[in-house]
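Under numbering that gives the first Met the number 0, the letters of the sequence shown match residues 0 to 369, in that order.
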Amino acid sequence: MKITTTSKSFFEATNLSIFLFNLQNNPITTFKMTVAPQLPAKLKDKLLTNTNQKISIYMFLRLGTIATFQVANYKLIIWATSSAINGNGQYADKVPLIDFNTFEAQLTLFYLALAQKNPEFTKSQLTLSDFDIIDRPNQELESFNSHRPSHNGYLAEQQMLLGVEHGNLKEFNDNYVKFMDEGNFGVLATSDLRSKKNITVAATTLFTRAAIRGGMYAENAYDLSDECIKKTELKQNITNVYEYTRTIGERFVKNVAQVKRNNIPSLVYRAQEYIYDHLTTVKNIGEIAQSVGCSKSYLMHLFKQTTGISIIGFLTSQKILSAKQLLLFTQLSIHDIANTLGYESTSQLSRIFKNNTGISPLQFRKNQNL
Numbered sequence: 000m001k002i003t004t005t006s007k008s009f010f011e012a013t014n015l016s017i018f019l020f021n022l023q024n025n026p027i028t029t030f031k032m033t034v035a036p037q038l039p040a041k042l043k044d045k046l047l048t049n050t051n052q053k054i055s056i057y058m059f060l061r062l063g064t065i066a067t068f069q070v071a072n073y074k075l076i077i078w079a080t081s082s083a084i085n086g087n088g089q090y091a092d093k094v095p096l097i098d099f100n101t102f103e104a105q106l107t108l109f110y111l112a113l114a115q116k117n118p119e120f121t122k123s124q125l126t127l128s129d130f131d132i133i134d135r136p137n138q139e140l141e142s143f144n145s146h147r148p149s150h151n152g153y154l155a156e157q158q159m160l161l162g163v164e165h166g167n168l169k170e171f172n173d174n175y176v177k178f179m180d181e182g183n184f185g186v187l188a189t190s191d192l193r194s195k196k197n198i199t200v201a202a203t204t205l206f207t208r209a210a211i212r213g214g215m216y217a218e219n220a221y222d223l224s225d226e227c228i229k230k231t232e233l234k235q236n237i238t239n240v241y242e243y244t245r246t247i248g249e250r251f252v253k254n255v256a257q258v259k260r261n262n263i264p265s266l267v268y269r270a271q272e273y274i275y276d277h278l279t280t281v282k283n284i285g286e287i288a289q290s291v292g293c294s295k296s297y298l299m300h301l302f303k304q305t306t307g308i309s310i311i312g313f314l315t316s317q318k319i320l321s322a323k324q325l326l327l328f329t330q331l332s333i334h335d336i337a338n339t340l341g342y343e344s345t346s347q348l349s350r351i352f353k354n355n356t357g358i359s360p361l362q363f364r365k366n367q368n369l
């Protein structure tokens, strides 16, 4: 298995930031969450200079925990960051999501997958005190007063919740960033901590309802909601409510995904996942059938039998949702949106859009901007 493929799989399983370099310290690729910060350049150079075949782990008060090692002709930096980019584009700290022992165990598995042998951990340390602070203007979040409720914020919220309902992590995280940018938060209490807790509780309630719509048993969804809210109420500090809330949302997404895997045929689930992940490029049903390893006719029959909607209807509905999102959150022309979604022409998009919504794409955009 190629190192980039293994690294991508490891990132998707852990959400740890992974930076891959060649032996000349030139970057090859990076896998990280959108809200995770980039590795500071000076720190990166210092780490790469000291990277060898043993795994070295470094802990920082503000940066989190970082590991480095070399495999074959590659150098890797793995970062369990304790920082994230907040809704205002600045850095802010968040509650660490994994402990040291978990991080070490994950590194061991990752190294085994790459090198096919057990790793050796080094005890050496670097003098990195001057890298203890990321270049950021303020550790505290700015006031939520700058965020005003908006119609676009509501629509961004609905798109994000569809990711929960679909049990699709990529869809959730992509739209969570848009939701943060729109900023429908507001000051929900005079106390900063109380306001952040209230935001988390409100978001958890939304996640719970979306998860139930996605097929999660109501009892299980409410149990998870109670657990998250109780832990939130015990917090003495929440410095990045955006990232903290996102991790709660991910728990609901993963639960919905598990339910869908258990309750619908694997072929149908994988076909839905393929559509979610390749929505802008998928051309026809044959392509989807090939991706899941069955005939086109069998997939069409099984999909309709299982979901009550044809696979063409499902694909079209998802494309219309994506078209609405592009109409609302971008300045792309109707022609460019049609191209982006794989339609042959503007007229084809307009016809399908109107058949499904009752109005043209242009009128939809005008109505939402009133």
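Glycine included, every Cβ here is placed at the ideal spot set by N, Cα and C.
Closer than 6 Å by C-beta to asparagine 24: which residues in its own chain qualify, once you throw out the five before and the five after it? Chain order, please.
-> As a position in the sequence shown, residue 24 is number 25, starting the count at 1. So the qualifying residues of the chain are Leu47.
Kindly list the residues whose CB is nearer than 6 Å to the CB of glutamate 77, restricted to its own chain and excluding five residues on each side of it in sequence; keep chain order.
-> Here residue 77 refers to the residue found at position 78 when the sequence shown is read from its first residue. Note on residue identity: the sequence assigns isoleucine, not glutamate, to residue 77. Around isoleucine 77: Leu15, Ile17, Ala66.
Meets three-Cβ-pair contact criterion under 8 Å: the stretch 167 to 175 and the stretch 271 to 281 | yes
With DSSP run on the structure shown, which of helix, strand or coil describes serine 344?
-> Position 345 of the sequence shown, counted from the start, is the residue given in the question as residue 344. The answer is coil: DSSP assigns serine 344 none of H, G, I, E or B.
For methionine 299, I'd like the list of residues in its chain whose CB is within less than 6 Å of its CB, leaving aside the five on either flank, ordered along the chain.
-> On the sequence shown, position 300 is the one that residue 299 refers to. So the qualifying residues of the chain are Ile310.
Pick out whichever of Phe68, Ser349, Val267, Met159 has its Cα sitting closest to the Cα of alanine 337.
-> As a working mapping, residue 337 is identified with position 338 in the sequence shown. Measuring from the Cα of alanine 337, the nearest candidate turns out to be Ser349.
Give the straight-line distance between the Cα atoms of glutamine 289 and valine 200, rounded to the nearest whole angstrom.
-> Within the sequence shown, residue 289 is the residue found at index 290, counting from 1. Within the sequence shown, residue 200 is the residue found at index 201, counting from 1. Each residue's Cα considered, the two are about 43 Å apart.
Cβ separation of phenylalanine 68 and proline 118, assumed to be a contact under 8 Å, to the nearest whole Å | Taking the first residue of the sequence shown as position 1, residue 68 is located at position 69. Taking the first residue of the sequence shown as position 1, residue 118 is located at position 119. About 7 Å; that satisfies the 8 Å criterion.
Residue interval of the beta strand (DSSP E) (run including isoleucine 65) = Locating residue 65 in the sequence shown gives position 66, where the first residue counts as 1. Element bounds for isoleucine 65: 63 to 70.
Three-way DSSP call (helix, strand, coil) for threonine 107 in this model | Along the sequence shown, read from residue 1 onward, the residue named residue 107 stands at position 108. If DSSP states are grouped into helix, strand and coil, threonine 107 belongs with the helices.
In three-state terms, what does DSSP make of serine 332?
-> Walking along the sequence shown from the start, residue 332 turns up at place 333. In the structure shown, serine 332 sits in coil (DSSP, three-state: anything other than H, G, I, E or B).
Pick out the complete alpha helix (DSSP H) segments inside the stretch 0 to 63, 4 residues or longer, and give them in chain order.
-> 2 to 13, 40 to 48
Give the DSSP-derived three-state secondary structure of tyrosine 73 in the structure shown.
-> Looking up residue 73 in the sequence shown gives position 74. Strand.
By the 10 Å Cβ neighbour count, where 16 or more other Cβ atoms means buried, how is alanine 202 classified, buried or exposed?
-> Taking the sequence shown and counting its residues from 1, one reaches residue 202 at position 203. Flag for alanine 202 reads buried.
How do the stretch 236 to 249 and the stretch 263 to 273 stand: do at least 3 beta-carbon pairs fall below 8 Å, yes or no?
-> no
Along the alpha helix (DSSP H) that carries asparagine 219, what are the first and last residues, could you check?
-> Here residue 219 corresponds to residue number 220 of the sequence shown, with the count starting at 1. 217 to 233 is the extent of the alpha helix (DSSP H) around asparagine 219.
Hey, out of Phe109, Met32, Tyr57, Lys41, whose CA is closest to threonine 4's CA?
-> In the sequence shown, the residue the question calls residue 4 occupies position 5. Among Phe109, Met32, Tyr57, Lys41, the Cα nearest to that of threonine 4 belongs to Phe109.
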